[in-house]
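J.: Numbering (my numbering), first residue to last: 14 to 305.
Note that CB positions come from ideal geometry on N, CA and C, so glycine has one too.
The model shown is predicted, which means the values in this text are computed figures rather than measured ones.
Right, I'll just put the structure down here and ask away after.
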Ligand SMILES: C[S@@+](CC[C@H](N)C(=O)[O-])C[C@H]1O[C@@H](n2cnc3c(N)ncnc32)[C@H](O)[C@@H]1O
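Here's what the structure looks like:
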């Protein structure tokens with residue numbers, strides 16, 4: 014089987030199985046198996062796949078046909094220009110979460126302090142914590158998650174990107190692991206689970222079947238973890254500190270209402286490429302808007 018044949022076969026197999034981007038998926042599978050760039054596939058379409066690689070291609074194609082995430086097959090996902098190891102049990106980083114990073118880095122950039130204390134709540138693969146540490150050398154990040162599988166991956170990612178010295182890892186719920194700590198934080202950032210358990214049937218199969226439930230669902234309201242953050246955030250932040258959260262499609266208004274009911278004020282929202290409010294920056298009510 015040549016590269017060209019593999020791509021044609023793979024794309025039509027995946028189209029039959031209702032994958033949204035069959036051609037792109039087939040290209041990524043073949044490129045991963047050959048450990049090459051996608052451009053190589055078009056430069057050398059007549060190159061033969063060895064029998065071992067053909068076998069692996071068919072195995073991966075079957076899995077992908079069952080909507081198994083491509084990122085778990087490839088073992089990685091890019092986020093903010095860096096590669097992150099992902100595997101089953103660990104949430105796959107999404108491009109919309111990069112909005113939170115941009116907002117956080119802008120805020121942190123305004124500070125003149127030597128060290129900036131941050132909590133990344135629900136760190137998952139560690140993509141947020143690691144990116145903050147790599148992009149902002151003054152960042153000292155507490156990376157928290159209830160999942161030990163997630164924390165293990167986050168540690169590996171921090172080591173891979175050589176920023177483990179800036180990150181401490183905590184297994185626990187929301188901000189509980191930091192409650193006894195004296196030092197107050199400049200920033201709390203979180204992409205929490207935010208899907209209602211009542212919506213399980215209506216979300217993407219690849220997510221509901223294969224990504225960890227605790228990373229996706231947050232009670233019937235979908236707001237349980239927000240509530241924890243809004244109730245506990247004020248106790249660990251400096252008075253002028255900020256809380257940055259991601260929200261789901263069409264959820265920004267209800268998340269803001271919940272925040273306001275718990276003593277926060279909305280400073281700014283940011284939209285994703287589809288024009289949906291995804292990122293909200295909150296301050297503690299009654300405090301100055303200037304950062305630090
Ligand atoms: C949507 S994922 C986000 C992961 C990563 N920050 C990202 O943006 O790709 C949510 C993460 O929160 C963790 N989580 C769920 N409930 C939690 C809780 N109560 N306290 C801390 N972490 C929690 C999950 O295990 C999961 O890793």
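Below 7 Å CB to CB, which residues in the same chain sit around residue 237 once its five sequence neighbours on both sides are set aside?
T.: Same-chain partners within the cutoff: 231.
J.: Which residue from 124, 42, 100 puts its Cα closest to that of residue 162?
T.: Of 124, 42, 100, the residue nearest in Cα terms is 100.
J.: Grouping DSSP H, G and I as helix and E and B as strand, with all else coil, what is residue 173?
T.: DSSP places residue 173 in helix when its eight states are reduced to three.
J.: Spatial neighbours of residue 128 within its chain, please: CB distance less than 7 Å, with the 5 preceding and 5 following residues excluded, ordered by chain position.
T.: Answer for residue 128: 151, 153, listed in chain order.
J.: Would you check if the segment 74–94 and the segment 14–30 touch, i.e. whether three or more CB-CB distances between them fall below 8 Å?
T.: Result yes; three or more Cβ-Cβ pairs closer than 8 Å.
J.: What are the uninterrupted segments assigned as alpha helix (DSSP H) that are 4 or more residues long and contained completely in the segment 213–275, given in chain order?
T.: Segments of the alpha helix (DSSP H) lying fully in the segment 213–275: 218–223, 226–229, 237–249, 265–274.
J.: Locate the alpha helix (DSSP H) running through residue 278, then write down its first and last residues.
T.: Unbroken run through residue 278 is the beta strand (DSSP E), 277–284; no alpha helix (DSSP H).
J.: Any beta-carbon of chain D closer than 7 Å to the one on residue 140?
T.: The structure shown contains no chain D; it is built from a single protein chain.
J.: Between 217, 157, 243, 51, which has its C-alpha nearest residue 185's C-alpha?
T.: Answer by Cα proximity: 157.
J.: Can you tell me whether residue 284 is buried or exposed, with buried defined as 16 or more other CB within 10 angstroms of its CB?
T.: Per the 10 Å Cβ criterion, exposed.
J.: Which residues bound the alpha helix (DSSP H) around residue 23?
T.: Segment 16–29, the alpha helix (DSSP H) holding residue 23.
J.: Whole-angstrom Cβ separation of residue 98 and residue 169, contact assumed at under 8 Å?
T.: Confirmed, about 6 Å.
J.: To test your reading of the DSSP string, which unbroken beta strand (DSSP E) runs of 3 or more residues are found completely within the segment 112–197?
T.: For the segment 112–197, whole beta strand (DSSP E) runs of length 3 or above, ordered along the chain, are 129–134, 152–158, 180–184.
J.: Answer yes or no: the CB of residue 253 versus the heavy atoms of ligand 1, is any distance below 6 Å?
T.: Answer for residue 253: no, Cβ out of range of ligand 1.
J.: Mapping DSSP to helix, strand and coil, what is residue 287?
T.: In the structure shown, residue 287 sits in coil (DSSP, three-state: anything other than H, G, I, E or B).
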